[in-house]
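Novice:
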Ligand code: NAP
């Protein structure tokens, strides 16, 4: 039975991915940070294991590795999905919020790759699926740091895929467009309509649609795919 860790598995795209993996018979660890109630409900629904950890914190990341080793003897697939957004003018954002964004979106992803790779390299198999964003490709006004963090995740994916491909480990990335989750909860109805107007498929994506791309890149159906950034954006980019 295959084993997967999904960071930020308590809500949105991560929770949808947990549901897909669990429905396909995988052993799933759902990581969460603040949303304990949602995480517990998801565990009751899917029988996934839960591990509370702040991916921006080094000790928490080590605890996540120890939990996966103890509970499942390691993992086959790491999904780096946990992320936070930050809206506002570039030169007006509070430094602590900016630092937190980079430490969740970028450092969390980079360092979890570093922690979980050795076991994959030893086995000469395994895969990592990172979650970037369409903004990491196009850049977004008033989401400059978010865009930069997500561009870095795409860059990490491409480079790491080259380094570990010869060892049988695949690294890919999903770049969602505008997906209907809590992350976009701050958008007004008018902003949502304006965004929808720019999307060729003329609607927002669902968490499940983004999760299906994650699942595909984690599955054997994508066995010859590595180093890719797969847009799930209704043609937005
Ligand atoms: P969401 O509904 O806001 O969920 C975010 C998830 O990340 C939650 O499960 C949250 O866990 C977790 N998280 C946040 N900070 C964390 C931390 N420090 N440690 C561990 N987990 C943490 O967002 P979403 O839309 O599903 O986003 C999922 C991913 O897709 C993110 O990387 C996001 O940047 C990316 N994305 C989203 C969109 C979109 O339009 N929604 C577009 C492009 C990319 P807790 O609630 O338990 O704290």
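Numbering (the numbering used here), first residue to last: 3 to 239.
Even glycine gets a Cβ: it sits at the ideal position worked out from N, Cα and C.
Would you mind listing the alpha helix (DSSP H) stretches within the region 87-173 that are 4+ residues and don't spill past its ends, in chain order?
Specialist: If we require 4 residues or more, the alpha helix (DSSP H) runs fully inside the region 87-173 come out as 97-104, 110-125, 136-140 and 146-166.
Novice: Flag this pair as yes or no: are the beta carbons of residue 151 and residue 108 separated by less than 7 Å?
Specialist: Yes.
Novice: Just confirm the distance between the C-beta atoms of residue 177 and residue 161, as a whole number of angstroms; I'd bet it's less than 8 Å.
Specialist: About 16 Å; that fails the 8 Å criterion.
Novice: At 4 residues or longer, what runs of the alpha helix (DSSP H) sit wholly inside the region 10-78?
Specialist: Entirely contained in the region 10-78, the alpha helix (DSSP H) runs reaching 4 residues are, in chain order, 14-25, 38-48 and 60-74.
Novice: For residue 219, which of helix, strand or coil comes out of DSSP?
Specialist: Three-state DSSP puts residue 219 in a helix.
Novice: Between the alpha carbons of residue 111 and residue 196, how many angstroms are there, rounded?
Specialist: If you take the alpha carbons of residue 111 and residue 196, they lie about 31 Å apart.
Novice: Could you tell me the alpha carbon to alpha carbon distance between residue 175 and residue 192, rounded to whole angstroms?
Specialist: About 30 Å.
Novice: Let's see if you can read the secondary structure: which residues bound the alpha helix (DSSP H) around residue 7?
Specialist: Looking at the DSSP string, residue 7 is not in any alpha helix (DSSP H); the run it does join, the beta strand (DSSP E), is 5-8.
Novice: Following a CB-centred definition, is residue 184 positioned closer than 6 Å to any heavy atom of the ligand NAP?
Specialist: At least one heavy atom of the ligand NAP is nearer than 6 Å to the Cβ of residue 184, so yes.
Novice: Relative to the C-alpha of residue 125, which candidate in 171, 12 and 81 has its C-alpha closest?
Specialist: Out of 171, 12 and 81, 171 has the C-alpha closest to the C-alpha of residue 125.
Novice: In whole angstroms, what is the alpha-carbon distance linking residue 24 and residue 198?
Specialist: Cα-Cα distance, rounded: 32 Å.
Novice: Do you know offhand how far residue 142's Cα is from residue 149's?
Specialist: The straight-line gap from Cα to Cα measures roughly 6 Å.
Novice: May I ask you to verify whether the region 214-234 touches the region 35-55, counting CB pairs closer than 8 Å and requiring at least 3?
Specialist: Flag = no, the region 214-234 and the region 35-55 do not touch.
Novice: Roughly how many angstroms lie between the CA atoms of residue 217 and residue 201, to the nearest whole one?
Specialist: Going from the Cα of residue 217 to the Cα of residue 201 covers about 24 Å.
Novice: With a 10 Å radius around its C-beta and 16 neighbouring C-beta atoms as the bar for buried, classify residue 242 as buried or exposed.
Specialist: One cannot answer for residue 242 here, as it falls past the ends of the chain, which runs 3 to 239.
Novice: State the Cα-Cα distance for the pair residue 61 and residue 131, rounded to the nearest angstrom.
Specialist: Approximately 22 Å, taken between the alpha carbons.
Novice: Which residue's Cα is closest to the Cα of residue 63: 118, 169, 173 and 208?
Specialist: Of the listed residues, the one whose Cα sits closest to residue 63 is 118.
Novice: Starting from residue 289 and walking both ways along the beta strand (DSSP E), at which residues does that stretch end?
Specialist: Residue 289 is absent from the structure shown; the chain starts at 3 and stops at 239.
Novice: Reducing DSSP to helix, strand and coil, say where residue 83 ends up.
Specialist: It is coil, neither helix nor strand.
Novice: Within the present structure, is the beta-carbon of residue 35 separated from the nearest heavy atom of the ligand NAP by less than 6 Å?
Specialist: Under cutoff, so the answer is yes.
Novice: What are the boundary residues of the alpha helix (DSSP H) that residue 199 is part of?
Specialist: Residues 191-199.
Novice: Quick check on DSSP: helix, strand or coil for residue 213?
Specialist: Helix at residue 213.
Novice: Residues in its own chain within less than 8 Å of residue 10 by CB, not counting five upstream and five downstream?
Specialist: Cβ within range, chain order: 16, 33, 34, 35, 57, 83, 84 and 85.
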